[in-house]
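Since the structure comes first, as structure tokens, the remarks are kept for the end.
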Ligand code: ASP
């Protein structure tokens, strides 16, 4: 009788032990994955945006997030998720990247993009390209298929052709909205209404994406037309690794948007990674500190950031930032304005 009781007790303990082990194994298996995007920070105001326009922006942001998320969910790499999400935004005329990019002082679209893989610190970028339909693809190809990091202007366009990437005439990128914007900025600067002219210029619209896959690999990509009425030959922060884009599996992945010169001078993306690496700060605090340095010098903009655990930040010191997140913890939201 006693033996039977002891046996029963041992059996229950055995079952309980097995259950606990399987729970801890399940926990180990459920690795978080996540995708965060931005479509530029700037002076957008709720009162000035129609419901239809807001809906249009949010629709594309959701489409980009869903595309990347699906890849991650199906065990795809963060590299692929970032590329596909950015392509959606580059192909939309709403954003300042690919089709719909802003125009330089000569009225041409001149595009910059960069890509970085956190698992091996490989990176690729292109600047001042005029023919590559999806600049992010060219940046990725520089990373994957060459020992270089940054290719510029005709050399980069030629490289894209050799890689078999889609090329287009420069007119493909140019929209009526950007022509009007350029004209307005030129007129305002002639009128010497510097304040208004700089506020018109400060509508950014660069696109970016950071992702963490099930293997724990982080990637970051950013793509832009730069700044409206920019000087011929001007290159911003986007293709400068460590300024507008950075990824390191040891810390985080970052993509920035804003007044590029200030992001270069503050080496913003690498600065945020360093704050995690050397000061062990959390991702939001690190992003805030770095953006504050930009603000103190007179610049503005925002960043999206994702750390190696899947914690994210979408910080900006402008009135709004097109942004969104979707992750395996159940977060899924797209927003535009400050208090969204
Ligand atoms: N950072 C970009 C640049 O200065 C502009 C933007 O974010 O819209 O080229």
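Numbering (this note's numbering), first residue to last: 12 to 351.
Using N, Cα and C, we set each Cβ at its ideal position, and we do this for glycine too.
- Residue 122 places its beta carbon less than 8 Å from that of residue 140.
- Taking a contact as a CB-CB distance under 8 Å, the pair residue 233 and residue 259 does not count as one, their CB atoms being some 15 Å apart.
- Non-local C-beta neighbours of residue 215 in its own chain, meaning closer than 7 Å and more than five positions away in sequence, comprise 51, 52, 53, 107, 268, 269, 312, ordered along the chain.
- Residue 326 has 314 as its beta-bridge partners, per DSSP.
- The closest heavy atom of the ligand ASP lies 7 Å or more from the beta carbon of residue 186.
- Boundaries of the alpha helix (DSSP H) harbouring residue 172: 164 to 173, taken from the DSSP string.
- Residue 154 is not bridged by DSSP to any residue.
- When distances are taken from the beta-carbon of residue 306 to the heavy atoms of the ligand ASP, even the shortest one reaches 7 Å or more.
- Going by beta carbons, residue 47 and residue 221 fall inside the 8 Å limit.
- For residue 307, the closest C-alpha among the options 274, 171, 339 is that of 274.
- Residue pairing for residue 334: DSSP places it in a beta bridge opposite 49, 346.
- Counting along the chain, the unbroken alpha helix (DSSP H) around residue 303 starts and ends at 294 to 308.
- At a cut-off of 3 residues, the continuous stretches assigned as beta strand (DSSP E) that sit fully inside the stretch 227 to 261 are 229 to 235, 256 to 258.
- Secondary structure note for residue 126: its beta strand (DSSP E) is the uninterrupted segment 122 to 128.
- Residue 176 is not bridged by DSSP to any residue.
- Distance from the C-beta of residue 249 to the nearest heavy atom of the ligand ASP is below 7 Å.
- The three-state reading of DSSP puts residue 223 in strand, counting E and B together.
- Inter-residue distance for residue 303 and residue 126 is about 25 Å (C-alpha atoms, whole angstroms).
- Residue 166 counts as exposed, since fewer than 16 other beta carbons sit within 10 angstroms of its beta carbon.
- Contact annotation: the stretch 336 to 347 touches the stretch 320 to 327, with at least three C-beta pairs closer than 8 Å.
- Sixteen is the threshold: since fewer than 16 other Cβ atoms of the shown chains lie within 10 Å of the Cβ of residue 293, the residue is exposed.
- Nearest neighbour of residue 118 by Cα position, chosen from 277, 188, 334, turns out to be 188.
- Under the rule that a run must span 4 or more residues, the alpha helix (DSSP H) segments found entirely inside the stretch 61 to 89 read 62 to 84.
- Annotation: the continuous alpha helix (DSSP H) that includes residue 280 extends over 279 to 290.
- Look at residue 271 here: in three-state DSSP terms it is helix.
- Taken from the Cβ of residue 274, at least one heavy atom of the ligand ASP lies inside 7 Å.
- Collapsing the DSSP output to three states places residue 160 in coil.
- Rounded to whole angstroms, residue 169 and residue 144 show a C-alpha spacing of 13 Å.
- One thing to note: residue 230 has its Cβ within 8 Å of the Cβ of residue 264.
- Taken atom to atom, the span from the alpha-carbon of residue 219 to that of residue 315 is near 8 Å.
- Under the three-state reduction of DSSP output, residue 266 falls in the strand class.
- A distance below 8 Å separates the beta carbons of residue 236 and residue 112.
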